[in-house]
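Only one structure is covered here, and it is reproduced in the block below.
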Amino acid sequence: MIIDSIDVAILKAKNNLALVVREKMEFDDFFLAYLVDPTGLGFGLIQNK
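Remember, the numbering used here sits 152 above the position in the sequence shown when you count from 1.
This is the structure we're talking about:
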C-alpha cells in the first residue's frame with residue numbers, strides 16, 4: 153500500500169487498535185516506525201524524505 157504520510161498511517165493503525173512499538177524515527181533519507189497489529193503481527197512503516 154502506498155501512503156502519503158507516515159503520520160497518517162500511524163494514526164489510522166492506532167485507530168484500528170495497533171500498538172506503536174517504536175515511534176517515528178528520523179534518519180538521513182527516510183522515516184521509520186514499528187507497530188504491532190491486534191493479532192500480534194509486527195510491521196514497519198517507511199516514508200522516504
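Even for Gly, the Cβ is constructed at its ideal location relative to N, Cα and C.
Around the beta carbon of residue 198, a 10 Å sphere encloses fewer than 16 other beta carbons of the protein chains shown; the residue is thus reported as exposed. DSSP places residue 158 within a helical segment (H, G or I) once states are collapsed to three. Under DSSP, residue 182 forms a beta bridge with 200. A residue is called buried once 16 or more other Cβ atoms fall within 10 Å of its Cβ, and residue 162 is buried on that count. For residue 187, the number of other beta carbons within 10 angstroms of its own is at least 16, and it is reported as buried.
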